[in-house]
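Undergrad: My structure is below; once you've seen it, I'll send some questions.
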Amino acid sequence: MCSWETGKLEVVQCTLHATGLLAVGLHVFEMLLQDHPTVDVNMTGYKSNYSRKALNESYVNNPTPTPFSQVPLQFAVEIQPALSNCLPGYIRPQFLTPTPSHGDVHHAAVGHLYQLEARVKTAHAKIFDFQVSGPSNMTKKIQDEGVGVTRLFLGWTPQERHLKQNVPICFTAETNESQSEMRCVVVVVVKALALTGEANVSCTANRISIAVIKAYLPEVDMKWLRLADSSCSLTSNQTHIMGTMSLNSCGTKMEDAGDFMVFKNEINSFDAVNATITRRNQINIGFSCRYPKTVSISNYYQIHSSNYMFTESNFGSFGYTFEVFKDSKFSQKVDPSAYPVNVKLMDRMYMGIQAQSDLPKVQLLVESCKATPDDSASSSLFYDLIKDGCLKDETVKVYPGNLTQFYFEVQAFKFTGSYDQVYLTCTVILCEEGNPNSRCGQGCLNTASRRRRRDLPNGETDRHYITQGPFRVVREAQPSADQKTGAGEKTRGDVEATHFLRSDMGTIVFAGLFIMTLMLLAVVVVYFLKKSRAEEHKALIAYD
């Protein structure tokens, strides 16, 4: 079955269906791709005329219309016997770090060797080969590391004809019984590679630090460097360019690499938004930390995200904690193992945001807080608790604290519909203490004219987003018939009797009300009958 979409770009989707089960073994297929016009085409040459009818019209009169062009496509499908265990890494090969992720974009320079390295393991089968598709002059080397782990090395030197091309490279590992998932990367061929520097990376339980030696990046202006998140800049001294971030901030991405969890970020150069030209070299320095799955990565990258680290040139390294507390004393935090936090509607939720900075005189502003049904701050469904520094929900209560603390409470709620979880995302800013022109000094802004004063340099950090949750709304527990009493568990007879008494009591009440209504109605009827007879009697006397 094939379908197509018309427009500037033709997109063809074809699906082949097999009737019944295909036998184990190799099956060969062939398809013929044909290009037909969607409108009538007429061309006149020197000695000949050329015309093609639109496919929808010509197909009625001619079941085999002449195409513009056609390309044969042949491929083979191998049906393998069923596996006894389909878990990745058992029989089916599983990719490990430093294998690139599917869809990654790499860069290669004309005349320079591009290398790709993949690593794969399987515990109960032997990897004998890698199926690879890519440029014709690519080299492949396979190395057995033992204990079921195999490495793949691919090498390719782009030529001038490859300049500005996006070249896909795909690979999959094979055993005698199965094969791994297929992974593909796109290699963008450029004239020259971006500068990369010599860097030292430090990995701790909850943060990543990088220090790049300045000597490897001559004449590079640090103010035009940033991390993956454009709001995170860097600091420097005489010898190094430095950055610090937590595992869940500054655009750090997490990848599952088999037996490791990998956290990646990068330092990139950038140009002014409206710049037409540039005279600065492009900078791209990727770095990562990997943590064995057998070791806890602290509780800083669970569903519960509490600690956030950022780096900016004017404020250095600074961070925020976003915690949930048990009561209004804000002394006991909710344990990370208790997440998601179960709450009942109308319960009071107590939270606190704390800023940490090496600078002695700074001030925290929580500019906004909004609730969403998922952990995406850009969700189209949201509810504002705080906006532009102003309280928007009547149940929000702010508690006193120092200049780097913000404690508040809010009544629990849920979004209408089938949503049962709530996340809170707050926008925070750090400012110089006592600076009246900073955003912290402005406080609650209700007018657009005051909001425009935000564009003042050096007195504050960029806005950063921190998230807490999820909070799971649970329903009130309903008393059940089999609850225990002080004298012990109810017997079956007790339960039935209680149920009977409850049902009988309801019946008695209803019957009583019904009888009282009938009695009242009877009294009213008797009253009106007596009154009517008295009036008739008076009328007869008067007539006599």
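Residue numbering for the sequence shown follows the numbering used here, beginning at 10 and increasing consecutively.
By construction, the Cβ of each residue, glycine as well, lies at the ideal position given by its N, Cα and C atoms.
Everything numeric in this text was worked out from a predicted model, so none of it was measured.
Taking Gln451 as the reference, give the member of Val343, Val375 and Ser110 with the closest Cα.
TA: Val375
Undergrad: Mark Asp257 as exposed unless 16 or more other C-beta atoms lie within 10 angstroms of its C-beta, in which case mark it buried.
TA: The residue asked about is misnamed: residue 257 is Asn in this sequence, not Asp. When all chains shown are included, Asn257 counts as buried.
Undergrad: Keeping to the same chain, check which residues put their C-beta closer than 6 Å to that of Val194; ignore five residues upstream and five downstream.
TA: Pro109, Asp113, His115 and Ile178
Undergrad: Ignoring anything shorter than 3 residues, give me the beta strand (DSSP E) runs that lie fully in the stretch 160-243, in order along the chain.
TA: 175-184, 192-199, 208-212 and 216-222
Undergrad: Taking just the CA atoms, how far does Ile395 sit from Lys406?
TA: 11 Å
Undergrad: Indicate the three-state DSSP secondary structure (helix, strand or coil) for Leu105 in the structure shown.
TA: strand
Undergrad: Suppose the cutoff is 6 Å on Cβ atoms and the five residues either side in sequence are ignored; what does the same chain contact list for Leu25 look like?
TA: none
Undergrad: Can you tell me whether Thr37 is buried or exposed? The criterion is at least 16 other CB atoms within 10 Å of its CB, across all chains shown.
TA: As written in the sequence, residue 37 is Val, which differs from the Thr given in the question. Val37 should be labelled exposed.
Undergrad: Can you check whether the CB of Tyr317 is closer than 8 Å to the CB of Met270?
TA: no
Undergrad: Using CA atoms only, rank isn't needed, just tell me which of Gly34, Arg160 and Ala208 is closest to Ala224.
TA: Ala208
Undergrad: So Arg61 is in the beta strand (DSSP E); what residue range does that whole segment cover?
TA: Asn58 to Arg61
Undergrad: Any idea what DSSP makes of Ala558, helix, strand or coil?
TA: An answer regarding residue 558 cannot be provided, because it is not within the stretch 10 to 553 covered by the chain.
Undergrad: Applying the 10 Å Cβ sphere with the 16-neighbour rule, what's the burial state of Phe319?
TA: buried
Undergrad: Please go through the stretch 413-474 and give each complete beta strand (DSSP E) segment of 3 or more residues, from N-terminal end onward.
TA: DSSP runs (the beta strand (DSSP E)) wholly in the stretch 413-474: 414-420 and 430-441.
Undergrad: Using 8 Å as the cut-off, can you tell me whether the stretch 148-163 makes contact with the stretch 230-237, which would need three or more C-beta pairs spanning the two stretches below that distance?
TA: no
Undergrad: Taking only three categories from DSSP, how would you classify Met355?
TA: coil
Undergrad: In the structure shown, what three-state DSSP assignment does Met147 receive?
TA: coil
Undergrad: Can you grab the Cα-Cα spacing for the pair Ser346 / Arg481, in whole Å?
TA: 14 Å
Undergrad: Assuming the contact rule is C-beta atoms closer than 8 Å, Val129 and Gln168 should be a hit. Round their C-beta distance to whole Å, please.
TA: Contact flag wrong, Cβ pair sits at about 30 Å.
Undergrad: Excluding the 5 residues flanking Leu465 on each side, which residues of the same chain have their C-beta closer than 6 Å to its C-beta?
TA: Confidence is the limiting factor: at Leu465 the pLDDT is only 45, short of 50, which leaves the residue's position unreliable, though a coordinate-based value still follows. If we look at Leu465 and ignore the five residues flanking it on each side, its Cβ neighbours are Asn446.
Undergrad: Once DSSP output is grouped into helix, strand and coil, what is the label at Leu35?
TA: strand
Undergrad: Does DSSP put Ile100 in a helix, a strand or coil?
TA: coil
Undergrad: Just to confirm my understanding: we take Asn51, look at its own chain, exclude 5 residues before and 5 after, and list those with CB closer than 6 Å. What are they?
TA: Ser60
Undergrad: Quick test of your reading: Leu92 and Ser187, contact by CB under 8 Å. State the CB separation rounded to the nearest angstrom.
TA: 6 Å
Undergrad: With a cut-off of 8 Å on the beta carbons, I'd call Val431 and Gly478 a contact; round off their distance for me.
TA: 6 Å between Cβ atoms; contact.
Undergrad: Near Pro81, which residues of its chain fall below 6 Å by C-beta distance, leaving aside the five closest residues on each side in sequence?
TA: Leu41
Undergrad: For Asp397, count neighbouring C-beta atoms within 10 Å of its own C-beta (all shown protein chains included) and say buried if the count is 16 or more, exposed if not.
TA: buried
Undergrad: So, is Gln560 buried or exposed, given that buried needs 16 or more other C-beta atoms within 10 angstroms?
TA: Since the first residue of the chain shown is 10 and the last is 553, residue 560 is not available in this structure.
Undergrad: Closer than 6 Å by C-beta to His171: which residues in its own chain qualify, once you throw out the five before and the five after it? Chain order, please.
TA: Val198
Undergrad: Have a look at Asp44 and Val141 and give me their C-alpha separation to the nearest angstrom.
TA: Roughly 29 Å separates the two Cα atoms.
Undergrad: What does DSSP give as the partner residues of Phe331 in its beta bridges?
TA: DSSP output for Phe331 lists Ile362 as bridge partner(s).
Undergrad: Name, in chain order, the residues that DSSP records as bridge partners for Ser278.
TA: Leu234
Undergrad: Counting along the chain, where does the beta strand (DSSP E) carrying Leu374 start and finish?
TA: Element bounds for Leu374: Val371 to Thr381.
Undergrad: Helix, strand or coil for Leu529? Go by DSSP, reduced to three states.
TA: helix
Undergrad: With a 10 Å radius around its C-beta and 16 neighbouring C-beta atoms as the bar for buried, classify Gln372 as buried or exposed.
TA: buried
Undergrad: Below 8 Å on the Cβ atoms is my contact criterion, and I expect Met358 with Glu332 to pass it. Report the Cβ-Cβ distance as a whole number of Å.
TA: Incorrect: roughly 12 Å between the Cβ atoms, too far for contact.
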